[in-house]
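Asks:
Residue numbers (our numbering), protein chains in the order written: chain R, 1197 to 1268; chain F, 6 to 370.
Here it is in structure tokens:
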């Protein structure tokens, strides 16, 4: 399952990077790379079955008393 | 400015309506009826009333800073670094909503119509289409929405018209059976959906006349409140308070349609409404995230960020919940206190108070 994901990332890089390099938009390129690496890390680890902490669970813990009042 | 496109007041109104109703309309009656039972319509009216201050605050902040989006004016109000931090939290919040929305969108299609398709395929295709819309910019998004929103509204009214023979007004009796606290609790979830109007703060500077924001938000809330009330009335009239056990009551309403044993089960209409509405809503939030990220990082163009953000959204849409029940639990019980206390009402109110006290903004207090 990891192979198609990596292919998809290659396609995304090929679509965006040449244009950014030719226009010398380095700041945009850095932002693009940073976001893509986050996305890559999330999707590949999730596909490999690594448990990624669910942000919604932490939000629920944060608002625990109100959640309980509402779901009673 | 990052976005060259401009939208008219009417287009903004329609974008706002889509932003609120599109993914909530299918499951709305259930979550409200959970607490308020057959008095769900009262809860809806209460929610509409309570959502008006949120709309007013959003518009007021927007008109104080008519050339800036939410991500930009937090810096003006709070100073550079606290403002940056708050904007980052807002962006994370938008990413959170959008991933939950993509999951809701995909889950409905897989649960109700395409049971053998993997969820991720639906999510990826949906996000890819939304990415294309976002790349085309705000004007295109607004115009596409202008074409599809009337079709969505007409289809849903048509479904209820067809189900009219099955509806019985006795199902609303006894009125006021629910305790007022339960009605209030039932109003919380729809209030937070209507509170999504606070996202409009990211679009106000792109209005041809930002001053129109005040009417736009208030009219949006009133129309959406009317629409939701109609939705709840129709669902309760068809099934009675048992709708609190259904996950998709509006879909169930279409399943009982039977006119002269000839017109039956117009479910494809619901699927069409869901796909167009869902995609438009995802596109709006997706656009807001990408534009916000670009403004936060002070980039010259937001388009390069569209695809990487899409990847993050798809990955998160799978992470945010293990199954539909967990998702419904989050939307019905966790989402209301979370969104209301912080990003929809609490923080905008604080920002407005600070801005007014420090006499900031173009128009003055």
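C-beta: ideal position from N, C-alpha, C; glycine also. Model, not experiment: these values are computed from the prediction.
Tell me which residues of the region 333-344 of chain F have at least one Cβ-Cβ distance to chain R shorter than 8 Å, keeping chain order.
Replies: Listed in sequence order: 334, 335, 337, 338, 339, 341, 342, 343.
Asks: According to DSSP, is residue 252 of chain F helix, strand or coil?
Replies: The answer is coil: DSSP assigns residue 252 of chain F none of H, G, I, E or B.
Asks: Taking all protein chains shown into account, do 16 or more other C-beta atoms lie within 10 angstroms of the C-beta of residue 214 of chain F, making it buried, or fewer, making it exposed?
Replies: By the 10 Å Cβ count, residue 214 of chain F comes out exposed.
Asks: Thinking residue 1231 of chain R and residue 314 of chain F are a contact (beta carbons under 8 Å), I'd like their distance in whole angstroms, please.
Replies: Right, their Cβ atoms sit about 6 Å apart.
Asks: Are residue 337 of chain F and residue 258 of chain F closer than 8 Å when you measure CB to CB?
Replies: Their beta carbons are not under 8 Å apart, which means residue 337 of chain F does not touch residue 258 of chain F by this criterion.
Asks: On a Cα-Cα basis, can you pick out the residue from F:15, F:9, F:29, F:16 that is closest to residue 201 of chain F?
Replies: The shortest Cα separation from residue 201 of chain F among F:15, F:9, F:29, F:16 belongs to F:29.
Asks: What in chain F is Cβ-close to residue 1228 of chain R, meaning under 7 Å?
Replies: Those within 7 Å of residue 1228 of chain R in chain F are 309, 310, 313.
Asks: Looking at chain F, is there any beta carbon in it that lies within less than 8 Å of the beta carbon of residue 1246 of chain R?
Replies: False, the Cβ-Cβ gap to chain F never drops below 8 Å.
Asks: Taking Cβ-Cβ distances shorter than 9 Å, what residues in chain R pair up with residue 251 of chain F?
Replies: Those do not exist, as residue 251 of chain F stays about 18 Å from chain R at its closest Cβ, beyond 9 Å.
Asks: Indicate whether at least one CB of chain R lies closer than 8 Å to the CB of residue 101 of chain F.
Replies: Yes, because at least one Cβ of chain R sits closer than 8 Å to the Cβ of residue 101 of chain F.
Asks: Going along the chain, which residues of the region 1213-1227 of chain R sit with their C-beta nearer than 7 Å to a C-beta in chain F?
Replies: Cβ contacts with chain F come from 1216, 1221, 1223, 1224, 1227.
Asks: Helix, strand or coil for residue 263 of chain F, going by three-state DSSP, please let me know.
Replies: If DSSP states are grouped into helix, strand and coil, residue 263 of chain F belongs with the strands.
Asks: Would residue 1198 of chain R count as contacting chain F if we go by Cβ distances under 8 Å?
Replies: So, not an interface residue.
Asks: Comparing alpha-carbon positions, which option in F:55, F:175, F:252, F:326 lies nearest residue 44 of chain F?
Replies: Taking only the C-alpha atoms, the option nearest residue 44 of chain F is F:175.
Asks: Which class does residue 7 of chain F belong to by DSSP, given the choice of helix, strand or coil?
Replies: Residue state, collapsed to three classes: coil.
Asks: On a CA-only basis, which of F:14, F:179, F:292 is nearest residue 46 of chain F? Give me that one, please.
Replies: Per the Cα distances, F:179.
Asks: Go ahead and pull the three-state DSSP assignment for residue 272 of chain F.
Replies: Helix, per DSSP.
Asks: Name the chain F residues whose beta carbon is nearer than 9 Å to that of residue 1255 of chain R?
Replies: Per Cβ cutoff of 9 Å: 101, 335, 339, 340, 343.
Asks: Just to confirm before moving on: does the CB-CB distance between residue 62 of chain F and residue 357 of chain F stay below 8 Å?
Replies: Closer than 8 Å, so yes.
Asks: Where residue 160 of chain F and residue 289 of chain F are concerned, what is the direct C-alpha to C-alpha distance, given to the nearest angstrom?
Replies: Going from the Cα of residue 160 of chain F to the Cα of residue 289 of chain F covers about 21 Å.
Asks: Between which residues of its own chain and residue 188 of chain F is the CB-CB distance below 8 Å, once the five residues before and five after are set aside?
Replies: Same-chain partners within the cutoff: 40, 41, 44, 47, 48, 51.
Asks: Under DSSP, the alpha helix (DSSP H) around residue 306 of chain F begins and ends at which residues?
Replies: Counting along the chain, residue 306 of chain F falls outside any alpha helix (DSSP H), and DSSP gives it neither H nor E.
Asks: For the alpha helix (DSSP H) containing residue 168 of chain F, name the first residue and the last one.
Replies: Segment: none, residue 168 of chain F is in no alpha helix (DSSP H) and carries neither H nor E.
Asks: Using the three-state DSSP reduction, which class does residue 75 of chain F fall into: helix, strand or coil?
Replies: DSSP places residue 75 of chain F in helix when its eight states are reduced to three.
Asks: What's the gap between the Cα of residue 1251 of chain R and the Cα of residue 268 of chain F?
Replies: Each residue's Cα considered, the two are about 45 Å apart.
Asks: Please name the residue in F:342, F:350, F:347 whose C-alpha comes closest to that of residue 1256 of chain R.
Replies: The shortest Cα separation from residue 1256 of chain R among F:342, F:350, F:347 belongs to F:342.
Asks: For the alpha helix (DSSP H) that residue 187 of chain F lies in, which residues bound it at each end?
Replies: Here the alpha helix (DSSP H) through residue 187 of chain F covers 185-199.
Asks: Could you round the C-beta distance between residue 1205 of chain R and residue 1236 of chain R to whole angstroms and report it? I think they count as a contact, below 8 Å.
Replies: Yes, residue 1205 of chain R and residue 1236 of chain R are in contact; Cβ-Cβ is about 6 Å, under 8 Å.
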